[in-house]
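To start, the structure under review is shown below, and the notes come after it.
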Amino acid sequence: MTETENFHPVQSRIGNLRFTHDLANGYPAPDTLVKLFDERDFQRACQAYLWALPLVGFAGWKKAAKTDLGAANGQVVAYLSYIDRLGILTPNATTPYYVAFTDLGEAGPVVLELPPSGIRGGLVNIWQQALEGAAPGGKYLLLGPGQEPGEEEVGEYEIMRLSSLNFMLGVRITATDPDEARTALTKLRMFPFAQRHDPPPTQVLPAADRPWSGIPPRGLAYWQLLDGLLQNETLGERDHFFLEMLKPLGIEKGRAFAPDARQQDLLEQGALVGEAMAKANTYDRRFADVKYRDGADWDHALHLDPDDPAEYWGRLDERAAWFYEAYSAAADMSPNRPGPSSAYLGAYRDSRGDWLDGAGTYRLRVPA
């Protein structure tokens, strides 16, 4: 059939599609081919947006700490005031945070020494999973994928092999006595293994009420952050399909991110609709057993176990719902985990079913 011959229309939710003969027995018309490939790549961008939320959240805070606050690789930043914490995605309003982002690809293996008391926290990988094993008073040699300490003596350090080259150290000072708090902070040490014989003192950089934002950006900037992280990290086989979905959009490891006009439009629209889907997915959760109890309007905000691979890597929507509104996930934050744990609840509508509005005033009734 030539270009001038008739094509038969098929109605769809993305508009009129044309085929030789019919859908079952025909080939797509040239304009239908363009429409279908654009739609395919747009849909992939939307789903990749949801998949990448924890990655981009990590990369966004790491970049902001460097560019907005001037933090060096591995330097601890102190977020002490309410204004300091405004750049964090849903922080505790009154908790002082001490946070450092480290790239082991740049620094090489790194030593981490934790004080024996007075702090709480640990390590987070690029997927914002809290890493088990770092205990108060511990001295660790942190190794990224493919890294070894070499022929050097490891000595007193316990080796911790991380799943990514980039990681975040996040701690809170729990000591209430000011002198004890200062002592705990001075005993928090992190430095390159190569400098272990003459380690530099820990330099804490105050955020000092400066404006900054580690919240994932919108538009093409979202994908730029994702591409920058993917270029330096090796993801698991579980992520292979998503990485393949990103290739037609111009995001591929070992390839410069330089999307053409078509790809830019698809990425920008994918980020827009992807975020809209994330909002719906977070603020109107439609997961089984997500309610705190029967008849309640409170949802479990973190509705999976970060330590359960089947849940963390298999429940795309539940994971995206959490990371659209919050940062990092640890096993003891899972509501259904046996033993000591915490539960994070979220409510987004008032008693009439209307969305909560920051300009409004509400009353919260807490049962006795």
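Take 200 as the starting number for the sequence shown in our numbering and just add one per residue. Just so you know, even glycine gets a beta-carbon here, dropped at the ideal spot from N, CA and C. Because the structure is a prediction, the values reported are computed rather than measured.
Sheet register partners of residue i (DSSP bridge)
i	result
Ile-213	None; Ile-213 has no bridge partner.
Lys-490	Asp-498
Pro-335	Paired residue(s): none; Pro-335 is not in a bridge.
Phe-390	Val-310
Glu-357	Tyr-339
Gln-328	Ala-528
7 Å CB neighbourhood of residue i in its chain, flanking five on each side removed
i	result
Asp-283	Ala-406 and Asp-408
Gln-402	Gln-274
Glu-514	It is worth fixing the name first, because residue 514 is Arg in this sequence and not Glu. Excluding residues within five positions, the ones whose Cβ falls inside 7 Å are Leu-503.
Ser-412	Ala-263 and Gly-286
Phe-206	Arg-217, Phe-218, Thr-219 and Ala-228
For residue j and residue i, the rounded distance between their alpha carbons
i	j	result
Arg-417	Asp-237	21 Å
Met-200	Arg-212	Low confidence applies here, because Met-200 scores a pLDDT of 49, under 50, leaving its location unreliable and the question unanswered by this model.
Asp-464	Phe-390	43 Å
Met-359	Ala-567	45 Å
Pro-458	Tyr-511	31 Å
Ala-271	Leu-252	24 Å
Arg-536	Asp-507	10 Å
Glu-379	Ile-372	9 Å
Tyr-356	Ala-393	13 Å
Ala-542	Ala-475	26 Å
Phe-241	Glu-467	9 Å
Ala-471	Pro-377	The displayed chain sequence assigns Leu, not Ala, to residue 471. Taking the straight line from one Cα to the other gives about 46 Å.
Tyr-297	Leu-322	12 Å
Trp-250	Ala-519	7 Å
Tyr-278	Pro-229	56 Å
Pro-290	His-439	32 Å
Where residue i sits in the DSSP three-state scheme
i	result
Thr-560	coil
Pro-398	coil
Pro-405	strand
Gln-462	helix
Asp-376	coil
Ala-292	coil
Tyr-297	strand
Met-200	Annotation note: pLDDT 49 at Met-200 (below 50); position unreliable, no value reported.
Ala-223	coil
Asp-483	coil
Neighbourhood of residue i by C-beta, 8 Å cutoff - its chain only, sequence neighbours within 5 removed
i	result
Leu-303	Val-309, Leu-341, Leu-342, Gly-343, Gln-346, Leu-361, Leu-364, Asn-365 and Phe-366
Leu-442	Leu-429, Leu-434, Glu-451 and Lys-452
Asn-431	Asp-302, Gly-304, Leu-364 and Asn-365
Gly-449	Phe-456, Ala-457, Pro-458, Asp-459, Gln-462 and Leu-466
Own chain partners of residue i with C-beta closer than 6 Å, once the 5 adjacent residues on each side are dropped
i	result
Ala-509	none
Residue i, buried or exposed, once every other Cβ within 10 Å from all chains shown has been counted against 16
i	result
Gly-354	exposed
Tyr-226	exposed
Gly-336	exposed
Ser-280	exposed
Pro-505	buried
Gln-210	exposed
Ser-533	buried
Asn-324	buried
His-396	exposed
Leu-268	buried
Gly-349	exposed
C-beta neighbour in chain E for residue i, strict 7 Å
i	result
Lys-338	Among the protein chains of the structure shown there is no chain E, as only one such chain exists.
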